[in-house]
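The listed protein sequences correspond, in order, to chains A and B. What the first sequence shows, in full-length UniProt numbering, is residues 1 to 150, in sequence order. What the second sequence shows, in full-length UniProt numbering, is residues 1 to 150, in sequence order. Backbone N, C-alpha and C define an ideal beta-carbon position, used for all residues, glycine too. A short write-up of the structure that comes next.
There are 2 protein chains.
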Amino acid sequence: MQRRNIDDLIERYLSVSFIVMRKAAALVKCELDEDMTNDQYYLLRYIKKKAKCTSTELASMFGVNKSAITAMTNRLVKKGLLQRTRDQNDRRVVYLTLTERGNEWITETEEKIHKLVESFITKFSEREIEMFIQTYEKLACILQEMEGTS
Amino acid sequence: MQRRNIDDLIERYLSVSFIVMRKAAALVKCELDEDMTNDQYYLLRYIKKKAKCTSTELASMFGVNKSAITAMTNRLVKKGLLQRTRDQNDRRVVYLTLTERGNEWITETEEKIHKLVESFITKFSEREIEMFIQTYEKLACILQEMEGTS
DNA sequence: TTTAATAGTTAAATAATTAAACTATTTTTC
DNA sequence: GAAAAATAGTTTAATTATTTAACTATTAAA
Numbered sequence: 001m002q003r004r005n006i007d008d009l010i011e012r013y014l015s016v017s018f019i020v021m022r023k024a025a026a027l028v029k030c031e032l033d034e035d036m037t038n039d040q041y042y043l044l045r046y047i048k049k050k051a052k053c054t055s056t057e058l059a060s061m062f063g064v065n066k067s068a069i070t071a072m073t074n075r076l077v078k079k080g081l082l083q084r085t086r087d088q089n090d091r092r093v094v095y096l097t098l099t100e101r102g103n104e105w106i107t108e109t110e111e112k113i114h115k116l117v118e119s120f121i122t123k124f125s126e127r128e129i130e131m132f133i134q135t136y137e138k139l140a141c142i143l144q145e146m147e148g149t150s
Numbered sequence: 001m002q003r004r005n006i007d008d009l010i011e012r013y014l015s016v017s018f019i020v021m022r023k024a025a026a027l028v029k030c031e032l033d034e035d036m037t038n039d040q041y042y043l044l045r046y047i048k049k050k051a052k053c054t055s056t057e058l059a060s061m062f063g064v065n066k067s068a069i070t071a072m073t074n075r076l077v078k079k080g081l082l083q084r085t086r087d088q089n090d091r092r093v094v095y096l097t098l099t100e101r102g103n104e105w106i107t108e109t110e111e112k113i114h115k116l117v118e119s120f121i122t123k124f125s126e127r128e129i130e131m132f133i134q135t136y137e138k139l140a141c142i143l144q145e146m147e148g149t150s
């Protein structure tokens, strides 16, 4: 591939990924209750999928320090959406699970977000969106394997 | 398209876009000086491309309130990377432009970020990445046209 | 059994963000 | 042309997200 073609693709990638990131964040926010944030949505979504998980795992997935996760989970525990339980075999480990209310909230919210994503995903042909997501998933794998991503 | 196929694509999109967003943010951060943030990088990058721009334009691009832009630009002015100049025709308007140091910083940093993006973008075939970015750009257009994105 | 490593929290600091109230201009409207 | 409405940007107070460093408690390794 030619030098200027690569540079052009890189530039386009940087611009478009920035725009999509910010616009998508704004749209997701519109679907959430006033007192909930996008990060809180993503955190509860992840815990629902895993059923239970630890701070360390979340910190790695979110690419942040464990103390950032402690702060976030504290807020969600205070809101009654999340609960902590200690592992009886290894008492250092704390599991995070959804409360009943947390489960209700994320279930309702997932429905709204799915409708939102559907409203734009259906503007593409099945083939186009399938190809897009496949490449996107490949990219996710590459990024996850790169060092320094913690 | 079948119902369960759409739902599956939506779920895959949500998962992969989240992972890429967080991992990319972590990688970009590694390339920046200790005292600079990803948002500051994206803001200076945008201003460099436009040469000069206003708070209102930035707020719209970033999908945030104008007061968030005021706060960010204050920090960058304090760091000596950005400057404000008032429009002489319409004295309500304030233009933001890079200082000499700001220009040097963003030029150096853009080079690092380009190398970073190149390191993973070249793992795809030219055809695959071209298709991917085309669909991504279409998506950006659709999101920008959607209401409530401010 | 002392030493290492691991899991998580706390504390202090900063950045990003919002909402509401505000100042200073320019445009509209009657 | 003066009063009213709109526009551009800032300030203030509050909250969330984040980092780094120091810390507690527990488990694994030497």
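C-alpha gap between residue i and residue j, whole angstroms
i, j, result
"R92(A)", "V64(B)", "40 Å"
"Q144(B)", "K23(A)", "7 Å"
"L139(A)", "S17(B)", "10 Å"
"T73(B)", "Q88(B)", "21 Å"
"F124(A)", "I113(A)", "18 Å"
"T149(A)", "D90(B)", "Only weak support is given to the placement of T149(A): the predicted model assigns it a pLDDT of 41, under 50, and the value that follows is read from those uncertain coordinates. Spanning the two alpha carbons is a distance of roughly 46 Å."
"Y42(B)", "K78(A)", "34 Å"
"T70(A)", "F62(A)", "13 Å"
"E34(B)", "W105(A)", "38 Å"
"D8(A)", "E137(B)", "14 Å"
"L111(A)", "R4(B)", "Here the sequence assigns Glu to residue 111(A), which means Leu is not the residue at that position. Near 14 Å, if we compare the C-alpha coordinates of R4(B) and E111(A)."
8 Å CB neighbourhood of residue i in its chain, flanking five on each side removed
i, result
"R75(A)", "Q40"
"T135(B)", "none"
"T99(B)", "G80, L81, L82, Q83"
"N38(B)", "A25, V28, K29, L32"
"I129(A)", "I121"
CA nearest to the CA of residue i, picked from the options
i, options, result
"K50(A)", "K123(A), Q134(A), K138(A), N103(A)", "N103(A)"
"residue 151(B)", "D33(B), D35(B), S60(B), E34(B)", "Residue 151(B) lies beyond the stretch modelled for chain B, which goes from 1 to 150, so this question has no answer here."
"I6(B)", "L116(A), S15(A), A25(A)", "L116(A)"
"R101(A)", "L44(A), S15(A), L14(A), R4(A)", "L44(A)"
"I142(B)", "A68(A), C141(A), W105(A), S119(A)", "S119(A)"
8 Å Cβ cutoff met for residue i and residue j
i, j, result
"S55(A)", "K66(A)", "yes"
"E31(A)", "T109(A)", "yes"
"I10(B)", "I19(A)", "no"
"L27(A)", "M146(B)", "yes"
"R127(A)", "I133(B)", "no"
"M97(B)", "K29(B)", "The displayed chain sequence assigns Thr, not Met, to residue 97(B). Contact: no."
"M36(A)", "M131(B)", "no"
6 Å Cβ shell around residue i - same chain, five flanking residues per side excluded
i, result
"T85(B)", "Y95"
"Q2(A)", "none"
"L58(B)", "I69"
Sheet register partners of residue i (DSSP bridge)
i, result
"Q83(A)", "T97(A)"
"C53(B)", "L96(B)"
Beta-carbon proximity list for residue i, same chain, < 7 Å, skipping 5 on both sides
i, result
"S15(B)", "none"
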